[in-house]
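A.B. asks: Before we start, here is the structure in question, set down as structure tokens.
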Amino acid sequence: MRIAMVSAHTSPLAPLGGRETGGMNVYVLELSRELGRIGFEVDIFTRLDGVLPAIEDVAPNVRLVRIEAGPAALIEKETIVDHLPEFATNMRRFAAAQPVPYGVVHSHYWQSGWAGGILARASDVPHVVMFHTLGEVKNRARISEHEPVQRIHHERNVVRRADAIVTASDHERVFLERYYGADPGQVHTIPCGIDLDLFYPRDRTMAREQLGLDPAAPVLLWVGRLEKLKGVDILVSAAAQLAERDFTLLIVGGDDRAHALRGELEAQAAAEGVAANVRFDGAVSHDSLPLYYSAADVVVVPSYYESFGLVAVEAMACGTPVVASRVGGLQSTVADGVTGYLIPWRCPEPFSEKLEVLLNNPELRANFGIAARRSVERYRWSRIGSEMAAFYSHVYADHWHGSGNEGIAGISREAFEAAVVAAAR
Ligand code: UDP
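This note's numbering puts the sequence shown at residues 0 to 424.
As structure tokens, this is what we get:
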């Protein structure tokens, strides 16, 4: 069984922590790897955005296919929409030339949903969509967000036409039903997976030494794409309100394009008297993050919205408690009072209060850390990959149900389902 994974606007191999490169990139790559491990053949389609090979092997059974559409250079996400018809046409052409057709198209984000829908219809295979973020959600999360109506219009069309939608949290499922008219039977929730062989607790003293951090002073950590929706300003103010003056607030993420926001945060830290406490490390490689999470006393996720929030789960996997906004997927990953705290307000005081509680109680922190690590087992990729495989099987069966069709490329529905069940074991 071959899967066409569509990630039009961003490549899963792009450096992480940039403005457009975060959770979705990690997710697409890791899910594809896991499906490849199970035995699926996965082609990930992305737009050609540099002098790069058209086809690249990225893992056993997984290839990255770069499709020509617009300039072969990095361009703003918003302008990629102009090149989507070309992207869809060239992706179809590539798919049609394949010796074995794809059985399922799985698209990520609305732009891919648009192009992936065309590929799926042309190939007469089911289309599974995952939005990762939704325009309506962003507009409702933060007063100054203005996602264009055009995006929301396209999202509604993608919802209407998709065979199935996967959400990473119940919150997003309810949202799709309420604001996008999704059919409850169309939406299925499968959480994101985490690489638990990468994210596990490291020795704190060693981690701090390697990162040049004081071995004894409190360390607060924030990780992500540096953008306003992440609420880092709330965290800077919360840190400034701590009674403790000898802490470090480590901010990880953000490339050149986050220059303006970083400047604003630096000015804010100076105005609030904590400039010397805040350290910006910029974007770091995914592989070095376990060191950061292990060095921290608390990881803070003060976002206005997170559809899932991989950072919170990665931190918990490293045995570090999380103080997070009570929004989106964080509500289902962080257990309030067990693995961290969930803050219902988007203001610094309640964050500061809970940070004080954790920083002043090493035993509580340690207990939360142990519970946190235990809580992430359900996000192990082998488990999530099998759930997705079973879901593909279900969607595939639905698509061919009653058509009398023998299935794709000589694989009968029964044989496919049996293979998936065997692989999931
Ligand atoms: N990340 C990284 N290096 C950085 C910043 C972020 O590898 O410098 C990764 C982080 O480990 C996580 C992802 O980017 O896997 C961010 O995902 P999350 O779901 O937290 O946020 P999103 O990007 O989806 O808004």
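Backbone N, C-alpha and C fix where the C-beta goes; we use that ideal spot for every residue, glycine too.
Cα separation between GLY403 and ALA396?
C.D. replies: At GLY403 the pLDDT is 43, less than 50, meaning the model places this residue with poor confidence; the figure from the coordinates comes in the next sentence. Straight-line Cα distance between these residues: approximately 11 Å.
A.B. asks: Would you identify the three-state DSSP class for PHE39, choosing helix, strand or coil?
C.D. replies: PHE39: coil per DSSP, three-state reduction.
A.B. asks: Kindly examine ligand 1 and report whether one of its heavy atoms sits closer than 7 Å to the Cβ of VAL25.
C.D. replies: At least one heavy atom of ligand 1 is nearer than 7 Å to the Cβ of VAL25, so yes.
A.B. asks: Looking at ARG244 and ligand 1, is the gap between the Cβ and the nearest heavy atom below 7 Å?
C.D. replies: For ligand 1, not one heavy atom lies less than 7 Å from the Cβ of ARG244.
A.B. asks: Are there three or more Cβ pairs, one per stretch, closer than 8 Å when the region 127-147 is compared with the region 350-370?
C.D. replies: Counting Cβ pairs under 8 Å, fewer than three are found: no touch.
A.B. asks: Per the contact definition of three or more C-beta pairs closer than 8 Å, is the region 235-253 in contact with the region 343-353?
C.D. replies: Contact between the region 343-353 and the region 235-253 is present, because at least three Cβ pairs lie under 8 Å.
A.B. asks: For SER306, which residues of its own chain have a beta-carbon under 7 Å away from its beta-carbon, when the five flanking residues on both sides are left out?
C.D. replies: HIS131, THR132, ALA167, SER168, GLU171, GLY327 and GLY328.
A.B. asks: In the DSSP assignment, find the alpha helix (DSSP H) that holds GLY115 and state where it starts and stops.
C.D. replies: Residues 108-122.
A.B. asks: Report buried or exposed for GLY339, applying the criterion of at least 16 other Cβ atoms within 10 angstroms of its Cβ.
C.D. replies: Buried: at least 16 other Cβ atoms inside 10 Å.
A.B. asks: Would you say HIS285 touches ligand 1, meaning its beta carbon is less than 7 Å from a heavy atom?
C.D. replies: At least one heavy atom of ligand 1 is nearer than 7 Å to the Cβ of HIS285, so yes.
A.B. asks: Applying the criterion that 16 or more other CB atoms from any shown protein chain within 10 Å of the CB defines a buried residue, is MET4 buried or exposed?
C.D. replies: MET4 comes out buried.
A.B. asks: Quick one: does the C-beta of GLU313 sit closer than 7 Å to a heavy atom of ligand 1?
C.D. replies: Yes.
A.B. asks: On the DSSP letters alone, give me the boundaries of the beta strand (DSSP E) that SER381 sits inside.
C.D. replies: From DSSP, SER381 is part of no beta strand (DSSP E) but of the alpha helix (DSSP H) over 380-399.
A.B. asks: In the DSSP assignment, the alpha helix (DSSP H) including ILE74 goes from what residue to what residue?
C.D. replies: Run containing ILE74: none; DSSP gives neither H nor E here.
A.B. asks: By the 10 Å Cβ neighbour count, where 16 or more other Cβ atoms means buried, how is SER302 classified, buried or exposed?
C.D. replies: By the 10 Å Cβ count, SER302 comes out buried.
A.B. asks: Apart from the five residues just before and just after ILE151, which ones in its own chain have a Cβ nearer than 7 Å to its Cβ?
C.D. replies: Within the same chain, ILE151 has close Cβ partners GLY134 and GLU135.
A.B. asks: When DSSP labels each residue in this structure, what does LEU219 get in the three-state scheme?
C.D. replies: Of the three classes helix, strand and coil, the one that applies to LEU219 here is strand, per DSSP.
A.B. asks: Beta-carbon within less than 6 Å of VAL158's beta-carbon, same chain only, minus the 5 sequence neighbours each way: which residues are those?
C.D. replies: TYR179 and ALA181.
A.B. asks: Would you check if the distance between the CB atom of ILE164 and the CB atom of MET387 is smaller than 8 Å?
C.D. replies: Taking 8 Å as the Cβ cut-off, ILE164 and MET387 do not qualify as a contacting pair.
A.B. asks: Mapping DSSP to helix, strand and coil, what is HIS105?
C.D. replies: In the structure shown, HIS105 sits in a strand (DSSP, three-state: E or B).
A.B. asks: Taking the CB atoms as reference points, tell me whether TYR291 and LEU234 lie closer together than 8 Å.
C.D. replies: Result no, Cβ atoms of TYR291 and LEU234 do not sit closer than 8 Å.
A.B. asks: If ARG91 sits next to LEU63, beta carbons under 8 Å apart, how far is it from one beta carbon to the other, in whole angstroms?
C.D. replies: The Cβ separation is near 18 Å, so there is no contact.
A.B. asks: Bridge partners of ARG46, per DSSP?
C.D. replies: Note: ARG46 sits in a beta bridge opposite ILE66.
A.B. asks: Please report the straight-line C-alpha distance between ASP296 and GLY223, rounded to a whole angstrom.
C.D. replies: Between ASP296 and GLY223, the C-alpha separation is close to 17 Å.
A.B. asks: When you measure from the CB of ALA163 to every non-hydrogen atom of ligand 1, does any distance come out below 7 Å?
C.D. replies: No, the Cβ of ALA163 stays beyond 7 Å of every heavy atom of ligand 1.
A.B. asks: How many Å lie between GLU154 and GLN209 at the Cα?
C.D. replies: Taking the straight line from one Cα to the other gives about 45 Å.
A.B. asks: Looking only at its own chain, which residues have a Cβ that is under 7 Å from the Cβ of ALA294, when we skip the five neighbours before and after it?
C.D. replies: Taken in chain order, the residues that qualify are ARG203, ALA206, ARG207, LEU210, LEU212 and VAL218.
A.B. asks: Hey, which unbroken runs of the beta strand (DSSP E) at 3 residues or more fall wholly within the region 263-304?
C.D. replies: Runs found: 277-281 and 297-300.
A.B. asks: Using 7 Å as the cut-off, classify the Cβ of GLY112 as near or not near the heavy atoms of ligand 1, replying yes or no.
C.D. replies: No, the Cβ of GLY112 stays beyond 7 Å of every heavy atom of ligand 1.
A.B. asks: At a cut of 8 Å, does the region 137-144 reach the region 102-111 through at least three beta carbon pairs?
C.D. replies: At 8 Å Cβ cutoff, the stretches do not touch.
A.B. asks: If you run the structure through DSSP and keep just helix, strand and coil, what is GLY403?
C.D. replies: In this prediction, GLY403 scores a pLDDT of 43, lower than 50, which makes its location untrustworthy; no coordinate-derived value is stated.
A.B. asks: Tell me the residue span of the alpha helix (DSSP H) that contains HIS126.
C.D. replies: Looking at the DSSP string, HIS126 is not in any alpha helix (DSSP H); the run it does join, the beta strand (DSSP E), is 126-129.
A.B. asks: Considering only C-alpha positions, which residue in the set LEU264, PRO214 and SER31 is nearest to LEU225?
C.D. replies: With distances taken between Cα atoms, LEU225 lies closest to LEU264.
A.B. asks: Based on the DSSP output, what are the partners of GLY339 in its beta bridges?
C.D. replies: Partner(s): VAL321 and ASP335.
A.B. asks: Would you please state the rounded distance, in angstroms, between the beta carbons of VAL1 and VAL99? I believe it to be under 8 Å.
C.D. replies: According to the sequence as given, residue 1 is Arg; it is not Val. That belief holds up - the Cβ atoms of ARG1 and VAL99 are roughly 6 Å apart, short of 8 Å.
A.B. asks: Going by DSSP in three states, ALA58 sits in which element: helix, strand or coil?
C.D. replies: Residue state, collapsed to three classes: strand.
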